[in-house]
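Protein chains in written order, with our numbering: chain V, 295 to 679; chain L, 295 to 679; chain W, 295 to 679; chain F, 295 to 679.
In this text, a Cβ means the ideal position worked out from N, Cα and C, and glycines have one as well.
Computed from a predicted structure; not experimentally measured.
Everything on this sheet refers to the single structure shown next.
Protein chains: 4
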Amino acid sequence: MSEKLTRAYENLKEQLKDSNIDIENVTKALMSLEIETPSWGYGRGGTRFGTFRDGNEPTELFAKLEEAAKVHKLTGIAPSVAIHIPWDKVDDYSKLQKKADELGIRIGAINPNLFQDQEYKYGSITNTDPKIRKMAVDHMLECIEIGKVFKSKVLSLWLSDGTNYPGQGDFRDRKKWVEETLSEVYSAMPEYMRLLIEYKFFEPAFYHTDIFSFGIALDLSKKLGKQAQVLVDLGHHPRGTNIQHIVAYLLSEGKLGGFHLNDAKYADDDLTAGSIDPYQLFLIFVELTDPRSDTSELAYMIDQSHNEKNPTEAMIQTLESLQHAYAKSLLVDRDALKESQKINDVLASEEILLKAFRTDVTPIIQMARHRKGLPISLLKVLRGE
Amino acid sequence: MSEKLTRAYENLKEQLKDSNIDIENVTKALMSLEIETPSWGYGRGGTRFGTFRDGNEPTELFAKLEEAAKVHKLTGIAPSVAIHIPWDKVDDYSKLQKKADELGIRIGAINPNLFQDQEYKYGSITNTDPKIRKMAVDHMLECIEIGKVFKSKVLSLWLSDGTNYPGQGDFRDRKKWVEETLSEVYSAMPEYMRLLIEYKFFEPAFYHTDIFSFGIALDLSKKLGKQAQVLVDLGHHPRGTNIQHIVAYLLSEGKLGGFHLNDAKYADDDLTAGSIDPYQLFLIFVELTDPRSDTSELAYMIDQSHNEKNPTEAMIQTLESLQHAYAKSLLVDRDALKESQKINDVLASEEILLKAFRTDVTPIIQMARHRKGLPISLLKVLRGE
Amino acid sequence: MSEKLTRAYENLKEQLKDSNIDIENVTKALMSLEIETPSWGYGRGGTRFGTFRDGNEPTELFAKLEEAAKVHKLTGIAPSVAIHIPWDKVDDYSKLQKKADELGIRIGAINPNLFQDQEYKYGSITNTDPKIRKMAVDHMLECIEIGKVFKSKVLSLWLSDGTNYPGQGDFRDRKKWVEETLSEVYSAMPEYMRLLIEYKFFEPAFYHTDIFSFGIALDLSKKLGKQAQVLVDLGHHPRGTNIQHIVAYLLSEGKLGGFHLNDAKYADDDLTAGSIDPYQLFLIFVELTDPRSDTSELAYMIDQSHNEKNPTEAMIQTLESLQHAYAKSLLVDRDALKESQKINDVLASEEILLKAFRTDVTPIIQMARHRKGLPISLLKVLRGE
Amino acid sequence: MSEKLTRAYENLKEQLKDSNIDIENVTKALMSLEIETPSWGYGRGGTRFGTFRDGNEPTELFAKLEEAAKVHKLTGIAPSVAIHIPWDKVDDYSKLQKKADELGIRIGAINPNLFQDQEYKYGSITNTDPKIRKMAVDHMLECIEIGKVFKSKVLSLWLSDGTNYPGQGDFRDRKKWVEETLSEVYSAMPEYMRLLIEYKFFEPAFYHTDIFSFGIALDLSKKLGKQAQVLVDLGHHPRGTNIQHIVAYLLSEGKLGGFHLNDAKYADDDLTAGSIDPYQLFLIFVELTDPRSDTSELAYMIDQSHNEKNPTEAMIQTLESLQHAYAKSLLVDRDALKESQKINDVLASEEILLKAFRTDVTPIIQMARHRKGLPISLLKVLRGE
């Protein structure tokens, strides 16, 4: 370990002691944080106006897994990979399992795709045609079977269904169909599997989206049962939405199932997490690391579109940003916060958060890496600098 | 009846016959529509930058009721008035009842006020101080008692509670307090009374609002029970929100309790209903007049801030705009719509709505007035032109 | 002409006479309205999540022109077609001219494409690489040459350039490059050609867009000179923006060059014009048909993405919606409006607009068609019903 | 000086050396930063729903100045106070000058008020009544005279004028009146005075605002002349707006006159600067401290509404937040940034900014205070803790 790191770590340790924070607890927590990366994130993203490929991006699943393994090897915190069916469909899933084993990673969440097939032009499980609704259900049942192969704990559902024009669809019929079909899917899941229901304000539908808000996802998950929970994608809200409030609400209901981590400035921009509003990311982690939060089963998953950045580099950068937010959230003096909230000392309460946020946690992150035998400067190593 | 109206009505009758619409049904429906106006809407509204009074606005309750009676006398569709406690607090509610009787109107929804007293600076039922939470509960219990005097069916709650800065409040404690206190209030209501829970995206709190979305209001109303429902204020959503979708969702859950009708371009602007987006207002009514919708108990209430328009004139103008939207919604060819939706004929479905919306329903509105013995041109009569 | 239409037209004529509106002026105005359709609008649009083709959409330029000719033949108001280079690039533009002549249409605005080539991954005229900036300029110069073939009056520029992350680009260098390169392009235009500069709030760039607001487009057009003007795309604004105000502002500066007509609920949704907010469309036309507005050179152009609707049908539907908005704007009693504005009669002023908007102008539209020898029910004829 | 601070400062010095940053330059820059506080910010703010006073807030000008002096004494960076006429109107401005002298502060920007007088109900300089337009002009001329007393360099104009309903006002007449009246005001300013023109998206007008965007303020300032510039209030933009881009644009045009510093989550929330999005505040300062930026005349002014926080405490907290953002912006390795931008290394460019932002600059801020003989922990001293 470099002398510089030792010194920086010791300095920070002293500084945190004044706030009754034991740096070792933070370092340990950081060492055990796990974030899932998605297979599709290793490919090149784009917009409806085009995609800019440079030829270096993997396009095939095994190549993507190799990138994922590289990321895990460097960061030590990304041991699992979410897959998307049918993008990642293979003939023999035991071969996929074997490949993952070889690479030292595992398959995580299974993501059905209900938005791409031509049959879904006018909706999947909300389609007026019962044959297409069945097709969509069958696809999700297939995904459950695939999930069983990997003992995957998460079936992660983004329902993009919606309409583009007034009058196009019947809101109530569609609602009924969503409930009916998901109920069927829910029943088919093994006990260890959870159905995570994502919501999204808009896009690709531009008039209405059937599951457009966390409230609908919550309502639906309650109707389905204990194994159904809500998935929060950070980019799926109207501007201004207080996401940390939603996170706290879902946690208190036992209904927060996981995250799609990214950042956004305008809409569902799918930028790298923490790139636009790192303070918001920190405030979300403040809720997650609250002592009352049971996050033992929570699925942290990255979901970004890498249009210009190199996907593998972007993934590593994101993991680092998440570590910053997470570590900072552990520096919040919870007792002092409780106390100042109690007496409505607005300014003092805020200062407690600001103090934690302004702390440079780089030494902790580096120490955690050092202790896990990882390189300190990930991007430099990746780039061979 | 003028010859002109007779002719216009007959022409429209013929025209509608082609769409299988019996004009008489629309006219009759229009004659029985009832909209509640709020006492506070007869006073002068303003912004944080000031209020412009011209001295003609009533400031005292009985004078406001007289304006409300004038509005009802002219329009024939505003027989009840919502009151706000303590703004409309009186020593003897039997006198208020008597006054209303004399004026030919009745007292409608009771609106508690949890945002004005200095004690509520840091929240009412979410206050960390149990004494203030109790004060808020007591106030609502008092409102229930007042409501009993008038056999009021609606206790209409807007909870403005929220925080202005990160860290200021504990989301989970506050959630618990909201549930606890409202549960107590709920239990005290007589069987014929419903608790309508309003939600609002932001303002007057600028960091988080405890009941910020319809999903939270819905979740809460389900926890409380059958007599709790959601109140939709048209100006309380993030821009772009598909309110008609929310309306359909709540209707299908039996949880739509009522409306605060108004319009907005940027935030909670409290402009007169239909002034910014009359097509949206129409689309909301299309959901409300859907044959499956049970709106027998639905409370249509106006909630606007009249900053520049004369309040009484603005109220009449609003009622007229609502009649336009309502009547047009009854012109939708439901069978044809169902049919074109079924085959995903997006364009034809939309055209069915557009055809209804583009129809000029003025003759129906005027005929309904004529048949109820009301003047045809309300604003002219009001202005003595 | 059907007796029904005659009667409806006569009835409306009488009705409008009361507002001092001569129906014949409206009908005549409607008969001479011209709207340009874009070649790309006849193809199938999509989102980044996919495109749903049904095989009936034309994919090749001449087939698109045939659709455009069909639309013009039916509507009588779409005599010109905007083209996009290189999408519509052909070897011999005289052949294209001949084809257009045969079809009874003409080539309108020329649209350069600065967002698709792989070289533009990090910007076109804002690229740090001078070679790529030159490539972009050369492309625009080529477009001017193509425009000369057709004596096209409009070079229509949408600059999608922007960045996705903080620090990615230098705002000031980029601004300088925009000004430098467009100045070179501007100088190469023949006198009869105008450069229309489009602005867009965001997308495909998600951190900053170089020309993100009408203010920047206006500033730039003033720097360039008289032949540079601003193009307003109705979907390119932050939610809530008062577009009619922008239209009036640009008109008063002589800087409104044209429109990309469409509608939007959330972002740049590219829905058919008037489908989401027909009142806003009307209010925009109220500014355009104001007696002070010089719109003799104004380019009305449709720019929509037809993801689910049949493109040709959608085009006809849009043209009809525009006719409704345009005709209604001509029913506004301008003298009465001026008078009531003068005395700050807010409510009366608004009612003047509402009266015009609520009028059903279908008989005028149908009469204009009849007089031009066109079918009355366009979509029925198109569908062969 | 405490040993702890010495050590922290030395550690940071070493750390920054690695990025080629000389800490002493940052400390010196920080020592000379000056921010103006507004007299009205020492009073209690509120919303249209009410104001919560605790009786400790000063309500009278001299008492406010005493608070301002206290803030300057503690922070050393707030030597001037903006005043608002007529809120801060006094009979004898020489007495005010004397009071300021005694308190060791000076009077800064003069803010006319064009939104409060009852005459302005339907607009001030956009009023259809020429007498009221003249009244507004006269008020601004009076403000110039007051400014002369203090040799004030800034006449800071927020024009709240706008309309609430379609049809209410004539956009073009109003535009002409704005230009005419401001031209008159502009001519009356002494050479050393600048007219700063503020823009605002909406509120208190809810349909249109005459100067709603930076583009209009820029256009207007160019028409007026060299002494007219734009004032950027951080809370006056549509959500998502890239304010740092606007800042760079105005700087490159020589038209950035000053700031109203605050923060916002939803609308013009007037929260304390950096409380919602500290990264954005940093990115704005990155533009301001760019070597090309001439900010010698730039007016940094706070404009916040202290609804719950103690106003004096909130002011000190804000000044501290601004110091953090400013100091961090000085840590950006400009050469490296230029280099990585040149080769479109998006990720590396962003990391350069992140590195600066993540640095904890507390030791620099404290050292600057120490060297100016100020207390280290301002809020503790203020609270007497």
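- With a cutoff of 9 Å on beta-carbon distance, R628 (chain V) and D584 (chain V) are scored as near each other.
- DSSP places E591 (chain L) in no beta strand (DSSP E); its state is neither H nor E.
- Taking 9 Å as the threshold, the shortest C-beta distance from E581 (chain L) to chain V falls below it.
- In summary, I317 (chain W) is buried, with 16 or more beta-carbon neighbours lying within 10 Å of its beta-carbon over all protein chains present.
- According to the DSSP secondary-structure assignment, N604 (chain V) is paired through a beta bridge with no residue.
- For R533 (chain F), the residues of chain V that pass the 7 Å Cβ criterion are R533 and G534, in the order they occur in the chain.
- Taking a C-beta distance under 9 Å as the contact criterion, P460 (chain L) and L647 (chain V) qualify as a contact pair.
- Note that the C-beta distance between I596 (chain V) and P332 (chain V) is below 9 Å.
- Annotation for A608 (chain L): T566 and H600 place their beta carbon closer than 6 Å to its own, counting only its chain and skipping 5 residues before and after.
- Going by DSSP, R400 (chain W) is part of no alpha helix (DSSP H) but of the beta strand (DSSP E) stretching over R400 to P406.
- One Cα belongs to P605 (chain F), the other to E361 (chain F), and the distance between them is close to 9 Å.
- In the three-state reduction of the DSSP assignment, P332 (chain W) falls in the strand class, which pools E and B.
- For V626 (chain L), no beta strand (DSSP E) segment is defined, and its DSSP state is neither H nor E.
- D386 (chain F) sits exposed, since fewer than 16 C-beta atoms from the chains shown fall within 10 Å of its C-beta.
- Contact annotation: F346 (chain F) and K383 (chain L) have beta-carbon atoms that are not nearer than 9 Å.
- Ranked by how close their Cα comes to the Cα of I404 (chain L), the residues L:E328, L:D504, L:M483 and L:N421 have L:M483 in first place.
- Collapsing the DSSP output to three states places T503 (chain F) in a strand.
- Beta-bridge partners of S374 (chain F) (DSSP): F:R400.
- Contact between K311 (chain F) and F356 (chain F) does not hold, since their C-beta atoms are separated by about 48 Å, which reaches or exceeds 8 Å.
- Around the Cβ of F343 (chain F), a 10 Å sphere holds fewer than 16 other Cβ atoms; the residue is exposed.
- Membership of H554 (chain F) in the beta strand (DSSP E) is indicated by the continuous run L550 to L555.
- Against D654 (chain V), the close residues of chain F are R652, T653 and D654, in the order they occur along the chain (beta-carbon pairs closer than 8 Å).
- Here A522 (chain W) carries a strand assignment [DSSP, helix/strand/coil].
- Linking A376 (chain L) to L435 (chain L) through their CA atoms gives a straight-line distance of about 17 Å.
- At a cut-off of 9 Å, the C-beta of S454 (chain L) has a neighbouring C-beta in chain F.
- Taken through DSSP and simplified to helix, strand or coil, S450 (chain W) comes out as strand.
- Residues of chain V with a Cβ closer than 8 Å to the Cβ of H618 (chain F) are, in chain order, R652.
- Taken in chain order, the members of the segment 551-578 of chain W whose beta-carbon sits within less than 9 Å of a beta-carbon on chain V are A558, K559, Y560, A561, D563, D564, L565, T566, S569 and I570.
- Here G456 (chain L) carries a strand assignment [DSSP, helix/strand/coil].
- At a beta-carbon threshold of 9 Å, the residues of chain V lying near E644 (chain F) are T566, S569, K603 and Q611, ordered along the chain.
- Under the 9 Å criterion on CB atoms, G463 (chain W) is classed as interfacial with respect to chain F.
- Out of L:E497, L:G456 and L:S418, the CA that lies nearest to the CA of T341 (chain L) is found in L:E497.
- Between the alpha carbons of V320 (chain V) and I329 (chain V) lies a distance of about 17 Å.
- L575 (chain F) sits away from D562 (chain F), with the two beta carbons spaced by 9 Å or more.
- In this structure, the beta-carbon distance from T653 (chain W) to L613 (chain W) does not fall below 9 Å.
- For Y336 (chain V), no chain L residue has a C-beta closer than 8 Å to its own C-beta; the minimum C-beta separation is roughly 32 Å.
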